[in-house]
Amino acid sequence: MKKVYLLSLGCARNLVDSEVLLGQLPTKKFDIVQYPESADVAIVNTCSFIEDAKQESIDIILSLAKLKTEGKINKLIVFGCLAQRYHNELEKEIPEIDGIFGTSDFPDIPRLIHALEPNKTIKRVNLKPDFLYDHSHKRTLLTPPHYAYVKIEEGCSNKCSYCVIPNLKGTLRSRNIESILKEIKFLKDTYDTKEIVLIGQDTTSFGRDKSKKPLLTKLLKKIVPIMKSRWIRLLYTHPAYFTEDLLDVISDTDNICSYIDLPLQHINDRILNKMNRHTTKKKVEHIIDKIREKTNTAIRTSVIVGFPGETDKEFAELLDFLKNNRFERLGAFIYSQEENTPAAGFKNQIPLKDKKERFNAVMELQQEISIENNEKMLNKTIKVLVDEPSGQNPEQFIARSEFDAPEVDGTVYLKGENLTPGDFVNAKITDTLEYDLVGETL
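Using this note's numbering, you'd call the opening residue of the sequence shown number 12 and step up by one each time.
Written out as structure tokens, the structure is:
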């Protein structure tokens, strides 16, 4: 039996691909191991969204290539976004790689893993990715069983000027609603999954490729009865397509988390236009006003600093906007000049020093806002989902509220007895930290 090690880099969408791949490996022929030194075959699902992600992927591949030259692993397979984007370079520069598979080609790995030959690289890269998994594809969860990501679509057709995703993943391809419902029911019945996290490149575009109109609201309404008394979380909504109908479903439904992930990227109209974000400052402010008016919801957003041509005045406008809106959750990214994107050729690229200064200014501001927002939670009682034990103390656990997505947001350091990952409990908040809360069960 061959031993396989798989490392999944990048976003939750990549993680689902890794889970699908593992689910396709015949269990009678392959044994999944935790450490590469224990493996016959090492597989890396790569990311190449921005420069830092590319470098991390390359560093990992090189470290595994070194293990191969030392005889500690026999085969090395690379797939995903970096392989899709730089398959020729990888084949040329890292000859230790035995298999290179693109974002749409990784399902071929189980079939071809036995065909790998010494000193010969198998390369499968569809230049127009078209794969779309469905409920019939077995998955091996890499998350704890009490929460799971469900990818409702693949690819993107928005063509933001800074983004390489359409080149890497292809155009928008929405799954069939019935397939999604079957997968969610299977996860709930098989793993007792307590939280389903719906993901896609832009979930608000779900269905636009099939019906010329978004079907996300329709999908959510069908998921709600399946996940009764459990959580449904929605990630990656686009402000250009966020509708009041969608907001009504979120605000009126108890088991859809009061959490809206709304990546804005900027607020200045000129920058938004150059980014090709299909929205305006006025529309964004209208959406946020409606969210605040209708719901007690945590808003998570992300912004890009140092976009080509961003002036000091335009950055100050962004900073003032963040000060005024005081988002509960925020991620900031330094603009990365990615080849084969329109923005890479824009004039007035911002020096790295200035980009880092702007990034630091945003994060310092958000730290102050986060502290202030967390302090408002003191002495309140909230429902939390227990994720895992915390350290050696049997009475210490890490949990999350509905206002926090796995991996990317804060946690609740929870004191309680006889708790198990996947439990829903009520917790009184007894202390606050910069980004996290401290509580005890009631």
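Beta carbons: idealized from backbone N, C-alpha and C, even for Gly. This structure is a prediction, so every number in the text was calculated from the model and none was measured.
- Linking ILE261 to SER269 through their CA atoms gives a straight-line distance of about 7 Å.
- Contact between the segment 158-171 and the segment 186-196 is present: three or more C-beta pairs spanning the two stretches fall below 8 Å.
- Under the DSSP assignment, ALA126 falls outside any alpha helix (DSSP H); it carries neither an H nor an E label.
- Taking 3 residues as the minimum length, the beta strand (DSSP E) runs contained wholly in the segment 324-360 are 340-345, in order along the chain.
- In this structure the segment 28-43 does not lie against the segment 60-75, because fewer than three pairs of beta carbons, one per stretch, are closer than 8 Å.
- Boundaries for TYR160: no alpha helix (DSSP H) harbours it, while the beta strand (DSSP E) harbouring it runs 158-162, taken from the DSSP string.
- Counting every other CB atom within 10 Å of its CB across the protein chains shown gives ALA438 a total of 16 or more, marking it as buried.
- Residues of the same chain with a CB within less than 6 Å of the CB of HIS148, apart from the 5 flanking positions on each side, are VAL31 in chain order.
- DSSP, read as helix, strand or coil, puts ALA438 in strand.
- DSSP places GLN377 inside the alpha helix (DSSP H), whose first and last residues are 363-386.
- GLN403 sits exposed, since fewer than 16 C-beta atoms from the chains shown fall within 10 Å of its C-beta.
- If you draw a straight line from the Cα of VAL235 to the Cα of LYS79, it is about 48 Å long.
- Burial of SER347 is indicated by the presence of at least 16 other C-beta atoms within 10 angstroms of its C-beta.
- In this chain, the beta strand (DSSP E) harbouring ILE271 covers 270-272.
- Per DSSP, the unbroken beta strand (DSSP E) holding PRO400 starts and ends at 392-400.
- By DSSP's assignment, ALA309 forms a beta bridge with TYR270.
- In this model, VAL436 and PHE408 are separated by some 12 Å (Cα to Cα).
- In this structure LYS221 is in contact with SER185, their Cβ atoms being roughly 6 Å apart against a cut-off of 8 Å.
- Between ASP280 and HIS249, the CB-CB gap reaches or exceeds 8 Å.
- In this structure ASP265 is exposed. Its beta-carbon is surrounded by fewer than 16 other beta-carbon atoms within 10 angstroms.
- Put simply, of THR57, GLY181 and PRO156 the residue whose alpha carbon is nearest the alpha carbon of VAL208 is PRO156.
- Of the candidates LEU453, GLY82 and THR215, the residue whose Cα lies closest to the Cα of LEU258 is THR215.
- In the displayed model, PHE217 falls within coil according to three-state DSSP, outside both helix and strand.
- Taking ILE61 as the centre and dropping the five residues before and after it, the same chain places the C-beta of SER347 closer than 6 Å to its C-beta, in chain order.
- GLU206 and GLU104 have their C-alpha atoms roughly 42 Å apart.
- Burial is judged here by how many other beta carbons sit within 10 angstroms of a residue's own beta carbon; GLY450 has at least 16 and is buried.
- Residue pairing by DSSP places ASN56 opposite SER19 and PHE90 in a beta bridge.
- Counting the other Cβ atoms within 10 Å of the Cβ of PRO47 gives 16 or more, which makes it buried.
- Secondary structure note for ASP141: it is in no beta strand (DSSP E), with a DSSP letter that is neither H nor E.
- Under DSSP, no beta-bridge partner is assigned to TYR202.
- Scanning its chain for C-beta atoms nearer than 6 Å, with the 5 sequence neighbours on each side dropped, one finds around ASN137 the residues GLY113, SER115 and ASP116, in chain order.
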